[in-house]
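Undergrad: Below is a structure I'd like to ask you about.
Number of protein chains: 2
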Amino acid sequence: MNTLFLPELREMLADANRAELEEFCDALNAGRTAEFMEGLDNEEIWQVLQYAPPDRRAEIFGYFEHERQVEMLASHPVEQAAELVDEISSDDRVDLLQEIDQPRVEQILQLLPAEDRRDIQRLQSYKGETAGALMTTEVAMLAENLTVREALDELGRQASELETIYYLYVVDENNQLRGIVSTRQLVSRLNRPSLTLGEMMESDVISVLVTDDQEHVAEKVERFNLLAIPVVDSGRQLLGIITHDDVIDVVREELEEDAQRIAAVEPLEQDFLRIALMSLSYKRGIWLIILFFAALLTAFALRHYDQELETYAWLVAFIPLIISAGGNSGSQSATLVITAMTSGDVKLTDWPQVLRREAIVSLILGGFLASIGYAFAIFLAPSAFDALVIPFTLLSVIVCGCLCGAALPIMFKRIGWDPAMMSNPFVAGIVDILGIVIYINIARMLLG
Amino acid sequence: MNTLFLPELREMLADANRAELEEFCDALNAGRTAEFMEGLDNEEIWQVLQYAPPDRRAEIFGYFEHERQVEMLASHPVEQAAELVDEISSDDRVDLLQEIDQPRVEQILQLLPAEDRRDIQRLQSYKGETAGALMTTEVAMLAENLTVREALDELGRQASELETIYYLYVVDENNQLRGIVSTRQLVSRLNRPSLTLGEMMESDVISVLVTDDQEHVAEKVERFNLLAIPVVDSGRQLLGIITHDDVIDVVREELEEDAQRIAAVEPLEQDFLRIALMSLSYKRGIWLIILFFAALLTAFALRHYDQELETYAWLVAFIPLIISAGGNSGSQSATLVITAMTSGDVKLTDWPQVLRREAIVSLILGGFLASIGYAFAIFLAPSAFDALVIPFTLLSVIVCGCLCGAALPIMFKRIGWDPAMMSNPFVAGIVDILGIVIYINIARMLLG
């Protein structure tokens with residue numbers, strides 16, 4: 001938090017020093033202006049914001065934490081709140097209004113122009129995590145027959161209303177998407193002002209359907225290196241665009257969810273510090289229980305071998321070591337394969353190569369850990385020969401762990417399950433039991 | 001892979017059908033054009049590309065896999081390769097040339113204009129993972145005294161050379177960054193053509209130093225919602241810009257590395273299928289060995305308690321269950337805290353809240369798993385009273401696991417270590433040993 005300007009800001013507010021407050025709101029980058037105000041309370045921030053012109057006010061407002069934005073909109077004079085909501089970009093304001101009490105939202109909506117009200121209601125109707133829920137409806141739509149010159153003029157009129165103008169979308173009279181022209185192309189054709197948009201547009205437009213999943217949207221934007229992607233309905237009518245900043249958020253969300261799934265947590269889909277504790281317990285509990293039952297099987301397996309474990313009691317000490325060696329190498333393999341599949345580096349058809357490589361790596365790793373394990377086993381086992389159980393077991397368990405860890409995510413993906421969600425619990429369960437079975441059987445063979 | 005057009009494309013090539021090949025290269029979105037060619041071999045792709053005008057050729061070429069790009073540049077006539085390299089954006093071509101043999105690179109460089117050659121050599125000199133290594137030097141630089149009209153004309157001249165023109169950067173005669181004007185602002189001021197850039201620019205420009213780390217760059221771009229960020233040297237001279245697509249790559253890379261670190265793998269920094277097996281073994285092996293020694297400590301701890309384990313032999317069967325319950329709940333906590341810190345949801349100062357919440361959640365989870373555990377322990381233990389050891393141990397181990405898992409990443413961040421790298425091995429090691437110590441001591445208290 002930047003507290004540098006706080007005393008001055010509070011003094012300006014106390015004096016209601018219009019000139020200085022207006023300058024403060026205008027002189028800096030909007031994000032930086034917000035940063036300097038972070039130390040103020042919501043009431044003070046709201047007061048300062050009233051000195052900024054409405055569009056600038058909305059811009060600065062957008063940089064505060066989501067939670068503070070909601071609180072400020074919910075608690076200040078409804079006229080001021082409505083004036084602000086009117087200026088916030090269409091996708092962001094829908095997200096904000098969702099978290100405010102319904103009666104308050106109704107009050108705000110009533111003060112908005114009919115067009116904005118309809119726009120908000122339409123956007124609210126799209127399901128979460130779809131293109132519709134991500135898009136903004138503020139998009140530069142222009143007719144095919146406009147010339148470069150006319151398009152620039154029209155754009156000049158629309159620009160202050162728009163979030164972004166990297167691309168102009170060319171539509172017909174029914175708002176059907178016909179083509180795309182980048183601002184860069186438009187500017188570079190200024191020397192041919194009578195060229196029409198129809199003549200210069202690219203008609204093969206990469207777009208998404210309003211019902212498409214957000215991960216599909218992100219994947220397309222990344223693959224085609226776009227700054228924004230148009231959203232159309234099934235009749236190719238242009239409904240809005242999704243901009244790059246929302247795409248970064250989706251990528252971040254998706255990868256965070258992967259990391260959580262890998263650690264056997266049902267994705268939170270909320271802030272870690274704000275999610276209700278019961279729902280956090282549930283999202284962790286279901287997987288802990290599944291893993292627990294897998295471990296229970298291990299308990300029964302061990303119980304089954306109690307004869308052997310009583311005869312060779314020194315074997316007990318190495319149980320955690322063997323289980324953890326298999327589990328750790330397996331979860332390394334699973335995580336590497338899962339992240340490589342998410343990023344597209346590994347495809348389903350690559351499975352023979354993946355397994356071949358894992359087999360080699362697991363022999364190297366297993367061989368190495370087996371040697372270290374043997375060095376220590378000599379001290380704990382009755383004889384150097386007995387101690388051989390440990391390296392043989394470690395090598396076998398690590399090879400099994402790596403192969404299971406690599407194969408399961410690919411198999412799960414193949415049958416349409418989420419590889420990140422399913423793999424680690426299964427890898428852990430399978431490797432644990434396999435580890436015990438291998439351990440006792442190698443011991444039987446060598447010592448029996 | 002899209003194989004729809006392959007037969008037609010091959011026929012066109014066989015006939016050297018100029019008109020159709022030129023149309024194929026021009027009609028579609030460049031990314032889609034590349035997609036349709038994916039099934040061709042490199043030689044065929046290269047032939048098709050010769051029918052596209054040079055700038056378009058570079059655009060399509062940019063959509064092929066990095067590996068194919070390198071192969072094509074390395075194996076075709078050096079004049080054609082140089083013509084292509086000349087058109088590739090400055091940051092991408094440096095990445096490509098790095099992977100081509102030095103003699104070949106020299107040949108290509110000699111055929112480039114002196115200015116491009118210097119540009120490439122300068123960019124090659126920046127260290128990896130810094131702003132300098134990410135930036136492109138193609139940036140719209142304009143003088144302060146230009147009017148809106150003049151700026152548009154100048155931009156029209158520069159546009160075809162530039163990667164992006166969302167922002168125009170205003171510089172003085174020494175190329176020092178003075179301010180920034182968005183294309184949107186410029187276009188919306190077309191009705192005031194005599195306004196100068198100096199009058200409309202924002203002089204508080206968010207920028208990064210050429211030596212800044214790439215994660216710092218990504219963080220700034222995300223925080224300020226930028227499409228591109230200017231890169232300056234210590235004297236504020238404008239050197240280049242970093243665009244949004246490179247930022248998405250950095251975010252993806254960073255989160256993938258987090259996931260790998262959480263699974264105790266040293267970040268690969270290369271494709272999973274392309275990294276050398278010895279280096280993959282090394283990146284996994286060092287952490288497996290650290291984890292192995294942690295597990296060895298457990299073996300010695302168990303060895304220390306062999307008296308108790310012989311007396312109450314049924315306890316042995318539950319060792320894996322107890323260790324895995326602690327390990328799984330601990331790694332859930334660690335992963336949640338690590339991802340929340342990466343995304344900025346949890347800050348260092350939030351630690352009391354994190355621990356308070358973890359304490360509650362761990363009591364809920366522990367209580368639940370303890371009940372299930374008891375239900376099964378009754379069958380395996382000599383008596384229902386003896387079986388009480390299991391639920392008490394499970395509850396204690398899960399509470400310890402969650403608190404360790406949540407506290408360690410915060411502590412590591414506090415002392416400046418990477419929380420993702422350090423936490424899980426430590427959590428596993430500490431929780432394993434703690435689990436054994438708790439287990440045996442509860443057994444002693446209840447049964448002794």
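Sequence order for the protein chains is A and B. Here the first sequence is numbered in the UniProt record's numbering, starting from 1 and rising by one per residue. Here the second sequence is numbered in the UniProt record's numbering, starting from 1 and rising by one per residue. Don't be surprised by glycine CBs; every beta carbon is placed ideally from N, CA and C. No experiment lies behind these values; they were computed from the predicted model shown.
Let me see if you follow: with CB-CB separation under 9 Å, is Asn175 of chain B close to chain A or not?
TA: Mapped onto the second sequence, residue 175 of chain B falls at position 175. No, because no Cβ of chain A sits closer than 9 Å to the Cβ of Asn175 of chain B.
Undergrad: Among B:Glu35, B:Thr147, B:Leu13 and B:Asn441, whose alpha-carbon lies nearest the alpha-carbon of Ala301 of chain B?
TA: By one-based count along the second sequence, residue 301 of chain B stands at place 301. Ranking the options by Cα distance to Ala301 of chain B, first place goes to B:Asn441.
Undergrad: Under the assumption that Ser203 of chain A contacts Gly179 of chain A (Cβ atoms under 8 Å), give the Cβ distance between them as a whole number of angstroms.
TA: For the purposes of this step, residue 203 of chain A is identified with residue 203 of the first sequence, where counting begins at 1. For the purposes of this step, residue 179 of chain A is identified with residue 179 of the first sequence, where counting begins at 1. That belief holds up - the Cβ atoms of Ser203 of chain A and Gly179 of chain A are roughly 4 Å apart, short of 8 Å.
Undergrad: Return yes when the Cβ of Leu96 of chain B is within less than 9 Å of the Cβ of Ser281 of chain A, no when it is not.
TA: As a working mapping, residue 281 of chain A is identified with position 281 in the first sequence. As a working mapping, residue 96 of chain B is identified with position 96 in the second sequence. By the CB criterion at 9 Å, Ser281 of chain A and Leu96 of chain B fall outside the cutoff.
Undergrad: Measure from the alpha carbon of residue 451 of chain B to the alpha carbon of each residue in B:Glu8, B:Pro54 and B:Asn29, then state which is nearest.
TA: This structure cannot speak to residue 451 of chain B, because chain B is shown only from 1 to 448.
Undergrad: At 4 residues or longer, and completely inside the segment 169-203 of chain B: list those alpha helix (DSSP H) runs for me, N to C.
TA: 183-188 and 197-200
Undergrad: By DSSP, does Ile440 of chain A sit in helix, in strand, or in coil?
TA: Locating residue 440 of chain A in the first sequence gives position 440, counting from the first residue. Here Ile440 of chain A sits in helix by DSSP.
Undergrad: Between Trp287 of chain B and chain A, is there a C-beta pair that is closer than 9 Å?
TA: As a first step, residue 287 of chain B is located in the second sequence; it is residue number 287 there, counting from the start. It does: the Cβ of Trp287 of chain B has a partner Cβ on chain A nearer than 9 Å.
Undergrad: Does any residue of chain B bring its CB to less than 9 Å from the CB of Gln69 of chain A?
TA: Taking the first residue of the first sequence as position 1, residue 69 of chain A is located at position 69. Judged by the 9 Å Cβ criterion, Gln69 of chain A is not in contact with chain B.
Undergrad: Closer than 7 Å between beta carbons: that is the criterion. Which residues of the segment 298-330 of chain A meet it against chain B?
TA: Thr298, Ala299, Leu302, Arg303, Asp306, Leu309, Glu310, Ala313, Val316, Ala317, Phe318, Ile319, Pro320, Leu321, Ile323, Ser324, Ala325, Asn328 and Ser329
Undergrad: Thinking C-beta only, is Val431 of chain B closer than 9 Å to Cys400 of chain B?
TA: The residue given as residue 400 of chain B occupies position 400 in the second sequence. The residue given as residue 431 of chain B occupies position 431 in the second sequence. Yes, the pair counts as a contact, with Cβ atoms nearer than the cut-off.
Undergrad: What does Glu199 of chain A reach in chain B if we use C-beta pairs closer than 9 Å?
TA: Translated into the one-based positions of the first sequence, residue 199 of chain A becomes position 199. Those do not exist, as Glu199 of chain A stays about 14 Å from chain B at its closest Cβ, beyond 9 Å.
Undergrad: Would you please verify whether the beta carbon of Gln332 of chain B is less than 9 Å from any beta carbon of chain A?
TA: Here residue 332 of chain B is taken as the residue at index 332 of the second sequence, counted from 1. With 9 Å as the cut-off, Gln332 of chain B counts as an interface residue toward chain A.
Undergrad: By how many angstroms is the C-alpha of Thr196 of chain B removed from the C-alpha of Asn145 of chain B?
TA: Along the second sequence, one-based indexing puts residue 145 of chain B at 145. Along the second sequence, one-based indexing puts residue 196 of chain B at 196. Their backbone Cα atoms lie some 6 Å apart in a straight line.
Undergrad: Which residues in chain A have a C-beta closer than 8 Å to the C-beta of Gly156 of chain B? List them in chain order.
TA: Counting from one through the second sequence, the residue named residue 156 of chain B turns up at place 156. Result: Val187, Ser188, Arg189, Leu190 and Asn191.
Undergrad: Have a look at Asp101 of chain B and Ser75 of chain B and give me their C-alpha separation to the nearest angstrom.
TA: In the second sequence, counting from the first residue as 1, residue 101 of chain B sits at position 101. In the second sequence, counting from the first residue as 1, residue 75 of chain B sits at position 75. Whole-angstrom Cα-Cα distance: 11 Å.
Undergrad: Once DSSP output is grouped into helix, strand and coil, what is the label at Ala407 of chain B?
TA: Within the second sequence, numbered from 1, the residue matching residue 407 of chain B stands at position 407. Helix at Ala407 of chain B.
Undergrad: So Ile322 of chain B is in the alpha helix (DSSP H); what residue range does that whole segment cover?
TA: What you label residue 322 of chain B is simply residue 322 of the second sequence in a count that begins at 1. Run containing Ile322 of chain B: Ile319 to Thr342, per the alpha helix (DSSP H) assignment.
Undergrad: Rounded to a whole number of angstroms, what is the C-alpha to C-alpha distance between Val346 of chain A and Glu43 of chain A?
TA: Residue numbering aside, residue 346 of chain A sits at position 346 when the first sequence is read from its first letter. Residue numbering aside, residue 43 of chain A sits at position 43 when the first sequence is read from its first letter. So the alpha carbons of these two residues sit roughly 52 Å apart.
Undergrad: Taking the runs of the beta strand (DSSP E) that are 3 residues or longer, which of them lie wholly in the segment 94-181 of chain B?
TA: 141-143 and 167-171
Undergrad: Once you ignore the five residues that flank Asp258 of chain B on each side, which residues in its own chain have a CB closer than 8 Å to its CB?
TA: Along the second sequence, one-based indexing puts residue 258 of chain B at 258. Taken in chain order, the residues that qualify are Ile338, Thr339, Thr342 and Ala420.
Undergrad: Measuring straight from C-alpha to C-alpha, what distance separates Tyr305 of chain A and Leu288 of chain A?
TA: As a first step, residue 305 of chain A is located in the first sequence; it is residue number 305 there, counting from the start. As a first step, residue 288 of chain A is located in the first sequence; it is residue number 288 there, counting from the start. Going from the Cα of Tyr305 of chain A to the Cα of Leu288 of chain A covers about 26 Å.
Undergrad: By Cβ distance below 7 Å, which residues in the same chain neighbour Ala58 of chain B in space, the five residues on each side in sequence not counted?
TA: Looking up residue 58 of chain B in the second sequence gives position 58. Around Ala58 of chain B: Leu84, Glu87 and Ile88.
Undergrad: From Val187 of chain A to Ile45 of chain A, what distance separates their C-alpha atoms?
TA: Residue 187 of chain A sits at position 187 when you count from the first residue of the first sequence. Residue 45 of chain A sits at position 45 when you count from the first residue of the first sequence. When rounded, the distance between both Cα atoms is 40 Å.
Undergrad: Is there a Cβ from chain A that is less than 9 Å from the Cβ of Asp204 of chain B?
TA: Within the second sequence, numbered from 1, the residue matching residue 204 of chain B stands at position 204. Asp204 of chain B counts as touching chain A.
Undergrad: For Glu358 of chain A, count the other beta carbons within 10 Å of its own beta carbon; 16 or more makes it buried, fewer makes it exposed. Which is it?
TA: Mapped onto the first sequence, residue 358 of chain A falls at position 358. Residue burial is scored here from C-beta neighbours: Glu358 of chain A has at least 16 other C-beta atoms within 10 angstroms and is therefore classed as buried.
Undergrad: Taking the CB atoms as reference points, tell me whether Ile436 of chain A and Pro320 of chain B lie closer together than 9 Å.
TA: Taking the first sequence and counting its residues from 1, one reaches residue 436 of chain A at position 436. Taking the second sequence and counting its residues from 1, one reaches residue 320 of chain B at position 320. Cβ atoms of Ile436 of chain A and Pro320 of chain B: closer than 9 Å.
Undergrad: Tell me where the alpha helix (DSSP H) around Thr311 of chain B begins and ends.
TA: Here residue 311 of chain B is taken as the residue at index 311 of the second sequence, counted from 1. Here the alpha helix (DSSP H) through Thr311 of chain B covers Asp306 to Thr311.
Undergrad: In terms of residues, what are the limits of the alpha helix (DSSP H) holding Thr33 of chain A?
TA: As a working mapping, residue 33 of chain A is identified with position 33 in the first sequence. Thr33 of chain A -> alpha helix (DSSP H) spans Ala30 to Met37.
Undergrad: I'd like to know if Gln353 of chain A contacts chain B, where contact means its C-beta is closer than 9 Å to some C-beta of that chain.
TA: As a working note, residue 353 of chain A is residue 353 in the first sequence. So yes, Gln353 of chain A belongs to the interface.
Undergrad: Where do the ends of the alpha helix (DSSP H) carrying Pro230 of chain B lie?
TA: For the purposes of this step, residue 230 of chain B is taken as residue 230 along the second sequence, with counting starting at 1. Where Pro230 of chain B is concerned, there is no enclosing alpha helix (DSSP H), although the beta strand (DSSP E) it sits in stretches over Ala228 to Val232.
Undergrad: Below 8 Å on the Cβ atoms is my guess for Val217 of chain B versus Ala131 of chain B; work out the distance and round it to an integer in Å.
TA: For this step, residue 217 of chain B is matched to residue 217 along the second sequence. For this step, residue 131 of chain B is matched to residue 131 along the second sequence. Right, their Cβ atoms sit about 5 Å apart.
Undergrad: What residues from chain A crowd round residue 463 of chain B, counting only those whose CB sits closer than 9 Å?
TA: No information on residue 463 of chain B is available, as it lies outside the stretch 1 to 448 that chain B covers here.
Undergrad: Can you pull the chain B neighbours of residue 459 of chain A, defined as C-beta to C-beta under 9 Å?
TA: An answer regarding residue 459 of chain A cannot be provided, because it is not within the stretch 1 to 448 covered by chain A.
Undergrad: Could you check which residue in A:Arg10, A:Leu348, A:Ile108 and A:Leu369 has the C-alpha nearest to that of Leu395 of chain A?
TA: Residue 395 of chain A sits at position 395 when you count from the first residue of the first sequence. The shortest C-alpha separation from Leu395 of chain A is found at A:Leu369.
Undergrad: Assign Glu174 of chain B to one of two classes, buried (16 or more other C-beta atoms within 10 Å of its C-beta) or exposed (fewer than that).
TA: Numbered from 1 along the second sequence, position 174 holds the residue referred to as residue 174 of chain B. Before going further, note that residue 174 of chain B is Asn rather than Glu in the sequence given. Its Cβ having fewer than 16 others within 10 Å, Asn174 of chain B is exposed.
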